[in-house]
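Residue numbers (numbering that gives the first Met the number 0): 0 to 113.
Have a look at the structure below, then the notes.
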Amino acid sequence: MEIYDKANALAESIQACSEYKQLLEAGNALAQDEKTTRMVREFLMLQAQLAYAQSMGDKPIRKKTEQLNKMSEMIKNNQAAVDYLQKYNTWQSLAGNVFQIIQNAMAEGMSILD
C-alpha cells in the first residue's frame, strides 16, 4: 500500500534528519556521565509532571516549580546537559510539528468523535 511506503519514507527521513542525528550525538555524549544522565532524566520528568499538573488545573504546583528552578540552575553549569536539552527541545519542536501535520491529515476521519 502506498501509505506504508510513505510511512517508511518518513521513517527514513527522520533517521537522516540533522536535528535527529544531533540529538543522538548529544545523547551519546550525555550517556558518558551517569550522574548527568540521571539529572537530565529527572529534569525532563519533573518538567512533564509540572506541565501535566498545570494542564489539569492543579493548584499546589509551587513545590514542583521550585524543584524545577533548582535543577535548572544545576543544569546551567553542566555543558553536556545543556547541549542535550537544547538538541532535545529542537527535536521535540520539529517532531511535534510533523505529528501535528499527520493529525491534521487524519482529523476529518475522526470528526465523528467531536
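Just so you know, even glycine gets a beta-carbon here, dropped at the ideal spot from N, CA and C.
Around the beta-carbon of Tyr3, fewer than 16 other beta-carbon atoms lie within 10 Å, marking it exposed. Only residues of its own chain outside the window of five on either side were considered, and among them Lys86, Tyr87 and Trp90 have a CB closer than 7 Å to the CB of Leu22, listed in chain order. Per DSSP, reduced to three states, the secondary structure at Asp57 is coil, with no helix or strand assignment.
Per DSSP, Asp32 lies in no alpha helix (DSSP H) segment and is marked neither H nor E. In this structure, the alpha-carbon of Gln31 lies about 23 Å from that of Leu67.
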